[in-house]
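Chemist: For the sequence shown, the residue numbers in the numbering used here are 1014 to 1357.
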Amino acid sequence: MIPKTNTNSQLITIERHILDSERKLPEATGDLTNLLYDIALAGKIITNHTNKAGLAEILGDTGRTNVQGEVVQQLDEIANQIIFRLNDHTGRLAVMVSEENPDILPIPEKYKTGRYVLSFDPLDGSSNIDYNVSIGTIFAIHKRLDEDDTGPGAVEDCLQKGRDIVAAGYILYGSSTMMIYSAGAGVNGFTLDPQIGEFLLSHPNIQIPQKPKYFSANLGYKKQWCLGAQKFSEWLQGEEGGPQNLSLRYIGSMVADFHRTLLSGGIFYYPVDTTNPDKPRGKLRLIYELNPLAFLMEQAGGAASDGEQPVLDLKPAHLHERAPVFMGNKELVQQAEKYLAQYG
Ligand code: AHM
Ligand code: MG
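The following block contains the structure:
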């Protein structure tokens, strides 16, 4: 007997979706498709590890030995290595760069290099791991600056603007694992079915809802923020004619706060802490965190700004550059820019 299903809904795996999108591009070589698929695979392997994160062996400090006398690794280091090792030998990448490493990650000499550059934060929100709160992997893909170059990639290849991203996305390890990505033609979301080990299309063509529902920021630091960000927060809470009905949500994992903002509408922001001279440009990292998510937000009809200009137009001067961020519904981001311009 044929099982009762909604015959209008197709089951589309991420592999099929990526392949179908590629077929629409006559110049595509398949490299980007395979690269995205390898990232999805990394997400499945990391899911396996995060699901076991409550077990002592994984939660121990790096360098400590467990009862078997093995050196224990932290989950963010494990995720970092999984992504690197899945991608170092495929011939698709010229170079990689990770939030976990101070310098670029060259492709080992024994392997061929390729046309693409992969930037990633292997496990964003890692301070939340011990509390069983959602964390995620964030990534962006650029073409190398000189596509005909067959030598190793260089730091300049990694210092490109977000505006030149070819594809970006994140994998969210939450109550289920989801992968959200865009290759420049809209944003699509896939949920991992753990029984069959496949990401299935669950959120086609994501657009940020017009009516914002939540705002999201660490208001615990409000007094340390610049006056513009403080005034903007008060406006969000209904002062000076601001919205009367926005709810506050803050997880402290940017990838999870972003995901909720994308699906529900609203704004996520992380301004500059004026009392922290070590971080004059805020906390979040432009290359690994802000650019990929800003790319998705713009693709979904929203906006992302550092308070003055679109995040995607910022040119990183160094690999671990930070920037303040305001991302979500366009009119809320514009309002943030207005307050920052007015009060500084
Ligand atoms: P991480 O890369 O060390 O995990 O730090 C980044 C995280 C973001 O996910 C999150 O938005 C932010 O730090 C939270 O910071 P805070 O605790 O200052 O609110
Ligand atoms: Mg991070």
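Where a beta carbon is used, it is the ideal one built from N, C-alpha and C, also for glycine. Since the model is a prediction, treat every value here as computed from it, not as a measurement.
Going along the chain, which residues of its own chain have a beta-carbon closer than 8 angstroms to the beta-carbon of E1247, five neighbours each way excluded?
Modeler: Within the sequence shown, numbered from 1, the residue matching residue 1247 stands at position 234. Correct list, in chain order: E1253 and G1255.
Chemist: Do you know offhand how far P1329's Cα is from Q1173's?
Modeler: In the sequence shown, the residue the question calls residue 1329 occupies position 316. In the sequence shown, the residue the question calls residue 1173 occupies position 160. Their backbone Cα atoms lie some 7 angstroms apart in a straight line.
Chemist: Buried or exposed: which applies to M1014, given that a residue is buried once 16 or more other Cβ atoms fall within 10 Å of its Cβ?
Modeler: Indexing the sequence shown from 1 puts residue 1014 at position 1. Unreliable placement is indicated for M1014, whose pLDDT of 46 sits below 50; no coordinate value is reported for it.
Chemist: With DSSP as the reference, label D1286 as helix, strand or coil.
Modeler: Counted from its first residue, the sequence shown places residue 1286 at position 273. Reduced to three states, the DSSP call for D1286 is strand.
Chemist: For the beta strand (DSSP E) that P1135 lies in, which residues bound it at each end?
Modeler: For the purposes of this step, residue 1135 is taken as the residue at position 122 of the sequence shown. Start and end: Y1129 to D1137.
Chemist: Assign S957 to one of three DSSP states: helix, strand, or coil.
Modeler: Here the chain covers residues 1014 to 1357 and nothing more, so residue 957 does not appear.
Chemist: Going by DSSP, what residues sit across from P1323 in a beta bridge?
Modeler: Here residue 1323 refers to the residue found at position 310 when the sequence shown is read from its first residue. According to DSSP, P1323 bridges with S1318.
Chemist: Taking all protein chains shown into account, decide if Q1087 is buried (16 or more other Cβ within 10 angstroms of its Cβ) or exposed.
Modeler: Along the sequence shown, read from residue 1 onward, the residue named residue 1087 stands at position 74. Per the 10 Å Cβ criterion, buried.
Chemist: I want to see whether chain B comes within less than 7 angstroms of E1169, judged by CB atoms only; does it?
Modeler: Chain labels in this structure do not include chain B; a single protein chain is all it has.
Chemist: Determine the extent of the beta strand (DSSP E) in which S1195 is found, giving its start and end residues.
Modeler: In the sequence shown, the residue the question calls residue 1195 occupies position 182. Here the beta strand (DSSP E) through S1195 covers T1190 to S1195.
Chemist: Which of helix, strand or coil does DSSP assign to H1102?
Modeler: Locating residue 1102 in the sequence shown gives position 89, where the first residue counts as 1. Coil.
Chemist: Would a C-beta distance cut-off of 7 angstroms place I1280 and F1228 closer than the cut-off?
Modeler: Indexing the sequence shown from 1 puts residue 1280 at position 267. Indexing the sequence shown from 1 puts residue 1228 at position 215. Contact flag set, yes.
Chemist: Report the rounded CA-to-CA distance for H1030 versus H1216, giving the unit in angstroms.
Modeler: Taking the sequence shown and counting its residues from 1, the one referred to as residue 1030 is at position 17. Taking the sequence shown and counting its residues from 1, the one referred to as residue 1216 is at position 203. If you take the alpha carbons of H1030 and H1216, they lie about 12 angstroms apart.
Chemist: Can you tell me whether A1242 is helix, strand or coil according to DSSP?
Modeler: Against the sequence shown, residue 1242 aligns to sequence position 229. The answer is helix: DSSP assigns A1242 an H, G or I state.
Chemist: Would you mind reading off the limits of the beta strand (DSSP E) that contains H1062?
Modeler: Indexing the sequence shown from 1 puts residue 1062 at position 49. Run containing H1062: none in the beta strand (DSSP E); it sits in the alpha helix (DSSP H), D1044 to N1064.
Chemist: Use the C-beta contact count for T1018: other C-beta atoms within 10 angstroms, 16 or more gives buried, fewer gives exposed.
Modeler: Here residue 1018 refers to the residue found at position 5 when the sequence shown is read from its first residue. Any answer about T1018 is weak, because its pLDDT of 48 lies below 50 and its placement is not dependable; what the coordinates show is given next. Exposed is the call here.
Chemist: Give me, in chain order, the residues of the same chain whose beta-carbon lies closer than 8 angstroms to that of Q1289; leave out the 5 immediate sequence neighbours on both sides.
Modeler: As a working mapping, residue 1289 is identified with position 276 in the sequence shown. The amino acid occupying residue 1289 in the given sequence is Asn; Gln does not appear at that position. For N1289, where only same-chain residues beyond five positions count, the Cβ hits under 8 angstroms are Q1237.
Chemist: With distances taken from CA atoms, which of Y1301, L1275 and L1213 is nearest L1024?
Modeler: What you label residue 1024 is simply residue 11 of the sequence shown in a count that begins at 1. Of the listed residues, the one whose Cα sits closest to L1024 is L1213.
Chemist: Which residue spans inside the region 1143-1198 form an unbroken beta strand (DSSP E) run of at least 3?
Modeler: The region 1143-1198 contains these whole beta strand (DSSP E) runs: 1148-1156, 1180-1186 and 1190-1195.
Chemist: Where does the unbroken alpha helix (DSSP H) through V1200 begin, and where does it stop?
Modeler: What you label residue 1200 is simply residue 187 of the sequence shown in a count that begins at 1. No alpha helix (DSSP H) holds V1200; DSSP gives it neither H nor E.
Chemist: Who's in the neighbourhood of the ligand AHM, going by beta-carbon under 5 angstroms from any heavy atom, listed in chain order?
Modeler: After applying the 5 angstroms Cβ criterion, the set is D1137, G1138, S1139, N1231, G1265, S1266 and M1267.
Chemist: With DSSP collapsed to three states, give me the class of K1351.
Modeler: Residue numbering aside, residue 1351 sits at position 338 when the sequence shown is read from its first letter. If DSSP states are grouped into helix, strand and coil, K1351 belongs with the helices.
Chemist: Taking buried to mean at least 16 other C-beta atoms within 10 Å of its own C-beta, is I1209 buried or exposed?
Modeler: The residue you call residue 1209 lines up with position 196 of the sequence shown. Result: exposed.
Chemist: Would you say D1134 touches the ligand MG, meaning its beta carbon is less than 6 angstroms from a heavy atom?
Modeler: Against the sequence shown, residue 1134 aligns to sequence position 121. D1134 Cβ: within cutoff of the ligand MG.
Chemist: Tell me whether E1302, by its Cβ, gets closer than 6 angstroms to a heavy atom of the ligand MG.
Modeler: As a first step, residue 1302 is located in the sequence shown; it is residue number 289 there, counting from the start. Indeed, a heavy atom of the ligand MG lies less than 6 angstroms from the Cβ.
Chemist: G1138 and S1266 - do their beta-carbons sit closer together than 7 angstroms?
Modeler: Looking up residue 1266 in the sequence shown gives position 253. Looking up residue 1138 in the sequence shown gives position 125. For S1266 and G1138, yes; Cβs fall inside 7 angstroms.
Chemist: Any contact between the region 1110-1117 and the region 1156-1171? By contact I mean 3 or more CB pairs, one from each, below 8 angstroms.
Modeler: Yes, they touch.
Chemist: State the CB to CB distance for the pair S1277 and P1323, rounded to an integer number of angstroms; the pair is presumed to be in contact (CB under 8 angstroms).
Modeler: Start at 1 with the first residue of the sequence shown, and residue 1277 comes out as number 264. Start at 1 with the first residue of the sequence shown, and residue 1323 comes out as number 310. No, S1277 and P1323 are not in contact; Cβ-Cβ is about 22 angstroms, not under 8 angstroms.
Chemist: Of the residues D1116, L1054, T1063 and T1060, which one's Cα is nearest the Cα of L1099?
Modeler: By one-based count along the sequence shown, residue 1099 stands at place 86. Among D1116, L1054, T1063 and T1060, the Cα nearest to that of L1099 belongs to L1054.
Chemist: Measuring only the C-alpha atoms, how far is L1106 from Y1352?
Modeler: Walking along the sequence shown from the start, residue 1106 turns up at place 93. Walking along the sequence shown from the start, residue 1352 turns up at place 339. When rounded, the distance between both Cα atoms is 42 angstroms.
Chemist: Between the Cα of F1152 and the Cα atoms of Q1355, V1268 and R1273, which residue gives the shortest distance?
Modeler: Reading the sequence shown from its first residue, position 139 is the one you call residue 1152. Residue V1268 is the option with its Cα nearest to F1152.
Chemist: Tell me which residue opens and which closes the alpha helix (DSSP H) that E1311 is part of.
Modeler: Taking the first residue of the sequence shown as position 1, residue 1311 is located at position 298. From DSSP, the alpha helix (DSSP H) with E1311 extends over N1304 to Q1312.
Chemist: DSSP state of E1211, grouped into three classes?
Modeler: Start at 1 with the first residue of the sequence shown, and residue 1211 comes out as number 198. Looking at E1211 - three-state DSSP - the assignment turns out to be strand.
Chemist: What did DSSP end up calling T1026 once you bin it into helix, strand or coil?
Modeler: Position 13 of the sequence shown, counted from the first residue, corresponds to residue 1026. Of the three classes helix, strand and coil, the one that applies to T1026 here is strand, per DSSP.
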